[in-house]
Amino acid sequence: MLLKIGAAKGVKYHMRCTVGRFVAGADGRSVAAVELMQAGSLVATLPADLVIIGVGIVPAVEYLRGAAGVTVHEAAPGGVAVDEFLCAGPEDVFAAGDIAYLPYPHAEAGAEVPRVRIEHWDVALDQGRCAARNMLGARSAYAAVPFFWTSVFGKNLRSAGYCHKPAFLFRADAGDEIITHGSLDPAAGGKASVFYIVGGRVASVVTCNRDPEAAAAAELIRMRRMPSPAALRGSGEVSLVHELRRAHAEEATEGAAGAGAGAAAAAAGAEAAARKRRVSAS
Ligand SMILES: Cc1cc2nc3c(=O)[nH]c(=O)nc-3n(C[C@H](O)[C@H](O)[C@H](O)COP(=O)(O)OP(=O)(O)OC[C@H]3O[C@@H](n4cnc5c(N)ncnc54)[C@H](O)[C@@H]3O)c2cc1C
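Heads up: take any position in the sequence shown, counting from 1, add 104, and you land on the working numbering.
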């Protein structure tokens, strides 16, 4: 959808290309063009006044190598290894944001807790707050569900959750799948929710112009109450906002039932104690 919208705005995409080289301008200092290659052959020469390179980031960890007790995670995705409290080992060293390589508690129940490094603005803010609380002596585990927002050509994109593999590595025989609700066709309004299923479970949800659905998705993932792939595949769309309301209501009922059971158990315990007192007094 974004490709279509961009194309309609005059953006030209050159997919599956690599940059062969930057061609210098006449002054030998500025850039004049970029050569694009495919399978070792030159496929396009794009004239350019300015080149913006968006290739991701690498955590700047050099200054931490050799720091006592700090583990720099050298393999991809890199970063500083921290525990669930964002503590890097020594009790007074914490890492938060893009640099933190931490346990991810929202993966499949029972599975080994994977470690991740997440590059999202909201995550960096949340982790900063969490690390600050722990610096002040709290034992607050970082458990927020990753949330990402961006806006492209007037389309609000939101992502909740975390997908451990890119979609091009999805395998149907491993239970991986993408389910789309709504329409990704810009001509049809371009409102959609896309569910990324990994190993038979919703790992993340990306929405377009459906912000409340993304917010509800994050909460449902946290509560482990996300609808199953089968429910999402069924006829009709599932409203996550509605699902969240239902999940909250169910939790409230369960809480009340738990409190009721607790009260009944306490009453039974009190009655038994009173009986015991009556027996020993007689
Ligand atoms: C081009 C781009 C677009 C993005 N768009 C989005 C988006 O739309 N939505 C979203 O959610 N996220 C987006 N992100 C990701 C988001 O910006 C980052 O996740 C967030 O800024 C991370 O915050 P941080 O504080 O962890 O790291 P940073 O913002 O990178 O801050 C780290 C700071 O530490 C400084 N520093 C490094 N080494 C040292 C040192 N030795 N001593 C002192 N200071 C040092 C750096 O200079 C830097 O200022 C985008 C990122 C990029 C690069």
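Glycine residues also receive a C-beta, built at the ideal position from the N, C-alpha and C atoms.
Residues near ligand 1, criterion Cβ-heavy atom distance below 5 Å: Every residue with a CB closer than 5 Å to a heavy atom of ligand 1 is listed here in chain order: A164, Y167, G201, D202, E223, H224, W225, A228, F252 and T254.
C-alpha distance - V174 paired with P207, whole-angstrom precision: Within the sequence shown, the letter at position 70 stands for residue 174. Within the sequence shown, the letter at position 103 stands for residue 207. Distance from the CA of V174 to the CA of P207, rounded to the nearest whole angstrom, comes to 16 Å.
Proximity winner among M239, A148, G170 and R219, relative to H118 (alpha-carbon distances): As a first step, residue 118 is located in the sequence shown; it is residue number 14 there, counting from the start. Among M239, A148, G170 and R219, the Cα nearest to that of H118 is on A148.
Inter-residue Cα distance where the pair is A320 and V345: The residue you call residue 320 lines up with position 216 of the sequence shown. The residue you call residue 345 lines up with position 241 of the sequence shown. The alpha-carbon atoms of A320 and V345 are separated by roughly 5 Å.
Cutoff 6 Å; reference A351; Cβ partners in own chain excluding five residues on either side: The residue you call residue 351 lines up with position 247 of the sequence shown. Taking C-beta separations shorter than 6 Å and ignoring five residues to either side along the sequence, the partners of A351 in its chain run M327 and R329, following chain order.
For F126: DSSP bridge partner residues: The residue given as residue 126 occupies position 22 in the sequence shown. Beta-bridge partners assigned by DSSP to F126: V138.
R305 - containing beta strand (DSSP E), residue span: Reading the sequence shown from its first residue, position 201 is the one you call residue 305. Here the beta strand (DSSP E) through R305 covers R305 to C312.
At least three beta-carbon pairs within less than 8 Å, the segment 197 to 205 to the segment 217 to 224: Judged by Cβ distances under 8 Å, the segment 197 to 205 makes contact with the segment 217 to 224, as three or more pairs qualify.
Under the three-state DSSP convention, the category A192 falls into: Sequence index remark: in the sequence shown, residue 192 carries index 88 (1-based). If DSSP states are grouped into helix, strand and coil, A192 belongs with coil.
Closest by C-alpha distance to P290, when choosing among E139, V184, H268 and V256: Locating residue 290 in the sequence shown gives position 186, where the first residue counts as 1. Ranking the options by Cα distance to P290, first place goes to V256.
Test item: CB-CB of S297 and R275 under 8 Å: Position 193 of the sequence shown, counting from 1, holds the residue named residue 297. Position 171 of the sequence shown, counting from 1, holds the residue named residue 275. S297 is not a Cβ neighbour of R275, given a cutoff of 8 Å.
Buried versus exposed, by CB contacts within 10 Å (16 or more), S386: Mapped onto the sequence shown, residue 386 falls at position 282. Note that S386 scores 40 on pLDDT, short of 50, meaning its location in the model is unreliable and no value can be drawn from it.
S297 - partner residues in DSSP beta bridges: Within the sequence shown, the letter at position 193 stands for residue 297. Bridge partners of S297: H285 and T311.
Cβ-based neighbour list, R381, same chain, cut-off 8 Å, excluding 5 preceding and 5 following: For the purposes of this step, residue 381 is taken as the residue at position 277 of the sequence shown. For R381, the predicted model reports a pLDDT of 45, less than 50, meaning its position is unreliable; a value from the coordinates is still stated below. Nothing meets the Cβ criterion.
Distance, L348 Cα to E323 Cα: In the sequence shown, the residue the question calls residue 323 occupies position 219. In the sequence shown, the residue the question calls residue 348 occupies position 244. Going by C-alpha positions, E323 is about 7 Å away from L348.
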